[in-house]
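Below is one structure; the comments refer to it alone.
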Amino acid sequence: MTIAKLARTSCSVSRSLSVLGERWTLLIIRDALSGMTKFEAFRESLGLGADVLADRLATLVDFGILEKRSYQEPGSRARCEYHLTDAGRQLHVVIGGLQLWGDANLPWPSGPSTERLDRRTGKPVRVAFVDEGGRQLPEEKIDVVHHSGYPNRT
């Protein structure tokens with residue numbers, strides 16, 4: 508299914524995957540959340556070809572997750588950096604959730620390679636469902652309710 512077709516569904520998960528589901532895309536966002544902005548830095552970090560990286564970056568720019576900013580180092584031609592937008596920064600919780608799931612279900616022998624820490628206390632944080640009053644809810648207390656726009660494939 509093409510990105511254009513997925514993007515025309517009422518299912519927000521399908522629409523999100525139409526942008527984020529391509530191979531390497533979430534790793535680009537992971538690196539951007541760590542402060543990476545330059546094409547060559549992404550390329551070196553991920554070890555992928557320039558054509559694939561350019562395609563993924565263009566998609567992320569087109570969908571408002573990254574924005575391009577021009578810069579020029581002395582003696583070099585003008586280039587573009589890629590900075591997270593507000594929509595891109597909102598994906599921090601998605602990347603954090605994937606990391607926590609991977610650490611719990613696909614653990615690395617030497618332990619997690621990354622931690623997310625509270626800047627004030629230095630203590631680890633994790634992704635959770637929180638109600639409007641700020642109360643954390645366990646997964647078994649969450650109901651998923653489908654509304655009239657939910658895609659019914661029966």
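Residue numbers for the sequence shown follow this note's numbering, beginning at 508 and rising by one.
The C-beta atom is built at its ideal place from N, Cα and C for all residues, glycine as well.
Since the model is a prediction, treat every value here as computed from it, not as a measurement.
The Cβ atoms of residue 564 and residue 555 do not sit closer than 8 Å to each other.
Secondary structure note for residue 521: its alpha helix (DSSP H) is the uninterrupted segment 519-527. If you draw a straight line from the Cα of residue 578 to the Cα of residue 634, it is about 35 Å long. Nearest to residue 592 by C-alpha distance, out of 605, 608, 575, is 575.
One Cα belongs to residue 545, the other to residue 655, and the distance between them is close to 43 Å.
The alpha-carbon separation between residue 530 and residue 560 amounts to approximately 10 Å. Counting every other CB atom within 10 Å of its CB across the protein chains shown gives residue 557 a total below 16, marking it as exposed. With contacts defined by Cβ atoms closer than 8 Å, residue 637 and residue 643 form a contacting pair. Considering only 521, 537, 516, the residue with the shortest C-alpha distance to residue 604 is 537. Secondary structure note for residue 590: its beta strand (DSSP E) is the uninterrupted segment 586-591.
Inter-residue distance for residue 542 and residue 628 is about 22 Å (C-alpha atoms, whole angstroms). Residue pairing by DSSP places residue 545 opposite 588 in a beta bridge.
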